[in-house]
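Chains as they are written, first to last, in the numbering used here: chain B, 4 to 134; chain R, 4 to 134.
Backbone N, C-alpha and C fix where the C-beta goes; we use that ideal spot for every residue, glycine too.
Everything numeric in this text was worked out from a predicted model, so none of it was measured.
Note sheet for the following structure.
There are 2 protein chains.
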Amino acid sequence: MNISEVARLTGLTSKTIRYYETLGLIDPDRAANGYRTYGSEDVEALQFLQRARATGFGLDESRQLLGLYREPQRHSAHVRELVQHKLEQVNEQINHLQAMAQTLQGMVKACRGDDAPDCAIIDRLADSERK
Amino acid sequence: MNISEVARLTGLTSKTIRYYETLGLIDPDRAANGYRTYGSEDVEALQFLQRARATGFGLDESRQLLGLYREPQRHSAHVRELVQHKLEQVNEQINHLQAMAQTLQGMVKACRGDDAPDCAIIDRLADSERK
DNA sequence: TTAAACCTTCCAGCAGGTGGAAGGTCAAGC
DNA sequence: GCTTGACCTTCCACCTGCTGGAAGGTTTAA
């Protein structure tokens with residue numbers, strides 16, 4: 004199977020598939036003409052990676068999950084721990100963004116938004132001594 | 004004023020201050036020995052940028068806000084629009100992350116997390132035909 | 001034979017800096 | 001006068017996760 008067929012099957016681009024290869028995530032064979040040839044194991048790994056990335060895992064986390072997928076001796080506790088950790092990170096990010104949204108909301112409320120230059124938003128960003 | 008003093012005053016690192024200069028956000032003078040010399044305008048601009056970044060604006064947005072800060076003829080409607088737009092983006096991000104958190108939570112719940120290799124998380128990532 | 005649609009490698013760039021190397025300068029203490 | 005340490009300078013590379021494009025080779029079909 005050539006790369007564009009694999010791209011179609013996995014939802015990844017050919018570029019991304021080659022990139023994952025440079026990272027050592029897959030290792031397809033080569034045909035006589037130099038073209039990469041993919042087997043079902045490669046396709047499965049790439050599908051796994053695509054889903055892990057889509058779920059929100061980083062590439063390094065996805066690599067770890069792929070390692071666990073490929074390891075029949077894995078302990079599910081290990082997998083769960085990884086996901087739990089990710090969940091905590093995501094919750095932290097949500098809290099961070101919610102605080103940001105509140106700040107922005109306060110700014111929008113405080114600014115009259117007309118043709119005049121006076122602007123509470125600019126004032127807040129300019130002056131730390133603001134009440 | 005030398006760069007490390009400015010770093011202290013603004014909460015930015017010297018590296019970042021130099022980086023902002025390469026972006027054209029500030030343009031400090033040079034002393035005879037080649038050292039950068041900062042005036043109060045530079046410090047104010049950098050403080051403005053630091054606050055804009057801390058509030059969550061990207062560098063490009065911060066640059067726009069700085070432009071508006073420096074422009075006495077600005078219309079506050081313009082500023083407000085920019086912030087409103089950012090707020091919408093942040094809310095989108097929050098929704099995205101909340102969906103992610105739900106997926107992850109579902110995974111954590113579904114995985115027994117013991118010494119056995121069987122793991123619902125791995126299964127979900129491996130198999131799209133999962134119910 | 002030629003055109004389109006593949007495939008290959010390599011180089012550069014996005015955000016927003018950060019780290020480090022290699023070197024010049026300045027102030028204080030001996 | 002010399003050394004030490006804390007400054008300062010420039011430049012280049014790296015981080016994430018790709019993406020775009022250039023320049024070229026291959027295959028397929030008309």
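Using a Cβ distance threshold of 9 Å, Ile124/B and Ser65/R do not count as a contacting pair. Taken atom to atom, the span from the alpha-carbon of Ile97/R to that of Gln105/B is near 12 Å. The C-alpha of Gly59/B lies about 7 Å from the C-alpha of Met103/R.
An exposed status is given to Thr16/R, since fewer than 16 other beta-carbon atoms sit within 10 Å of its beta-carbon. Neighbours of Val111/R in chain B, taken as residues whose beta carbon is under 8 Å from its own, are Arg83, Val86, Gln87, Leu90 in chain order. If you draw a 10 Å sphere on the C-beta of Pro31/B, you find 16 or more other C-beta atoms in it, and that means buried. Under the 9 Å criterion on CB atoms, Gln50/R is classed as interfacial with respect to chain B. The distance from the Cβ of Leu28/B to that of Leu52/B is about 6 Å, consistent with a contact at the 8 Å cut-off. Within its own chain, the residues whose Cβ lies closer than 8 Å to the Cβ of Ala34/B, once the five positions on either side in sequence are excluded, are Thr40, listed in chain order. In chain order, Met103, Thr106, Leu107, Met110, Arg127, Leu128 make up the part of chain R whose C-beta sits under 9 Å from the C-beta of Thr58/B. When beta bridges are read from the DSSP output, Arg33/B appears opposite Arg39/B. Look at Val9/R: its C-beta is not under 9 Å from any C-beta on chain B. In this structure, Pro120/R sits near Glu74/B, with a CB-CB distance shorter than 9 Å. When C-beta distances to chain R are compared with 7 Å, the residues of the stretch 63-84 of chain B below that value are Leu68, Leu71, Tyr72, Pro75, Gln76, Arg77, His78, Ser79, Ala80, Val82, Arg83, in chain order.
If you look at Thr13/B, you'll find it in the alpha helix (DSSP H) that goes 6-13. For Ala35/R, the closest Cβ of chain B is not nearer than 9 Å. In chain order, Leu100, Met103, Ala104, Leu107 make up the part of chain B whose C-beta sits under 8 Å from the C-beta of Val93/R.
At least one beta carbon of chain B lies nearer than 9 Å to the beta carbon of Glu47/R. Runs of alpha helix (DSSP H) with 4 or more residues, each lying fully within the stretch 65-134 of chain R, are found at 79-113, 123-129, listed in chain order. In the structure shown, Leu49/R falls within a helical segment according to DSSP collapsed to helix, strand and coil. Here the alpha carbons of Lys18/B and Glu8/B stand approximately 13 Å from one another. When 7 Å is used as the limit between beta carbons, Asp118/R is near these residues of chain B: His78, Ala80, in chain order. Against chain B, the CB of Ile20/R has no partner CB under 9 Å away; the residue lies outside that interface.
For Thr19/B, the enclosing alpha helix (DSSP H) covers residues 17-25. Short of 7 Å from the beta carbon of Gln50/B, and not among the five residues preceding or following it, lie these beta carbons of its own chain, in chain order: Thr13.
Within chain B, the residues placing a beta-carbon under 8 Å from that of Ile97/R are Ile97, Leu100, Gln101, Ala104, ordered along the chain. Residues of chain R with a Cβ closer than 8 Å to the Cβ of Asp121/B are, in chain order, Ser79. For Ile29/R, no chain B residue has a C-beta closer than 8 Å to its own C-beta; the minimum C-beta separation is roughly 15 Å.
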